[in-house]
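Everything on this sheet refers to the single structure shown next.
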Ligand SMILES: Cc1cc2nc3c(=O)[nH]c(=O)nc-3n(C[C@H](O)[C@H](O)[C@H](O)COP(=O)(O)OP(=O)(O)OC[C@H]3O[C@@H](n4cnc5c(N)ncnc54)[C@H](O)[C@@H]3O)c2cc1C
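Written as structure tokens, this is what we have:
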């Protein structure tokens, strides 16, 4: 798919940023699980934390396609930084952009999009993963406050999130119609982050529990209307799937780059079987990119894109896993050491098959769009 000169120029700029600022840190972030405040600031200063939002709301005023390109380029060198950017934009900022009123956008979206604050998104719970409507975190309105009790888990940037959007139910018997979306700010009494997960991959991205114990938030922190939170979060996830697809694609491209480098260095590239494998890997990566660009362009055109976003995420994550597996095999023992980074890529890419809806759930979404509910 042909990119416009503007998109190519943007891609070159992000690629240069990723090579200069992100690549040198990627092994360290993976090893230590540290959050780099310096890198966060640089991402913000480069406009990479508010790419698809209008300039008047602190964003870069670019389109979804540019956003997907950026996540791919960053993830090509560091999946942990890729998911940080994707979660900040798609999960931290987007619910406020989608459902926030003007005052909420001024208060929260602008500092998030400028990269002055970190954002996160609490949907998943111990008993509500794929079945997100199973939310058990409760909300009760008392005077002009909402009182929240419950816990979220596996939340990207949870412990470092300063503006957190989350869901809670007024009445579990109403299912998804009983769920509302809210914002809580770090430091609010009764709100805290619990333990960080010790994950297989994307280890440089912090993933935490969020705990609400009689946490009182002002009524002004309701996003949209009461009972519409589930809809807001599902709309958020539609867009988020494009970015997780781009994350998987970037990791796959990084693994392909490494396999090509290894094959050339070792002379294996002269063997027909390796040539065939590299061709197969490159073709699948290109097909995933096509699906991601398609979903991005549909979103930018204001057309329905639920099915295409699910296809893009599903396919990119699946081929990502396959491409990284082949890359490890091509590199042999070098593939299971740190030398070519493929050992990190294969651990990182596995998580893209799970986050923002597993591959099974993507297939359900795709089939429902094709066959009807
Ligand atoms: C890296 C990463 C980052 C994440 N970040 C966030 C975040 O920022 N915020 C957040 O809220 N959550 C986040 N999550 C959580 C993620 O959204 C959930 O892990 C995901 O929705 C799956 O939920 P679960 O792990 O509870 O699996 P479960 O729902 O328990 O599923 C277990 C298995 O059963 C299968 N399954 C479940 N239901 C069905 C069905 N109906 N049909 C067929 N198969 C089914 C699933 O496919 C899966 O294989 C993150 C996860 C990862 C891996």
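Numbering (the numbering used here), first residue to last: 15 to 387.
The C-beta atom is built at its ideal place from N, Cα and C for all residues, glycine as well.
Source: prediction; values computed, not measured.
The DSSP-derived three-state label of residue 181 is strand. Set against 6 Å, the gap from the CB of residue 24 to the closest heavy atom of ligand 1 is not smaller. For residue 144, the shortest separation between its Cβ and any heavy atom of ligand 1 lies below 6 Å. In the three-state reduction of the DSSP assignment, residue 200 falls in the coil class.
Residue pairing by DSSP places residue 342 opposite no residue, since no beta bridge is assigned to it.
For residue 226, the secondary structure class from DSSP, reduced to helix, strand or coil, is strand. From the listed residues 266, 46, 344, the smallest Cα separation to residue 365 is found for 266. Here residue 243 is not near residue 171, since their CB atoms are 7 Å or more apart. Distances taken from the Cβ of residue 324 to the heavy atoms of ligand 1 include none shorter than 6 Å. Secondary-structure assignment with DSSP links residue 31 through no beta bridge to anything. Inter-segment contact for the stretch 290-310 and the stretch 346-361 is absent: fewer than three beta-carbon pairs are separated by less than 8 Å. Setting aside the 5 residues that flank it on each side, residue 34 has no residue in the same chain whose C-beta is closer than 8 Å to its C-beta.
Apart from sequence neighbours up to five positions away, the residues of its chain that approach residue 185 with a beta-carbon distance below 7 Å are 192, ordered along the chain. Segment contact: the stretch 152-164 against the stretch 79-99, fewer than three CB-CB distances shorter than 8 Å; contact not assigned. DSSP places residue 359 in the uninterrupted alpha helix (DSSP H) bounded by 356-364.
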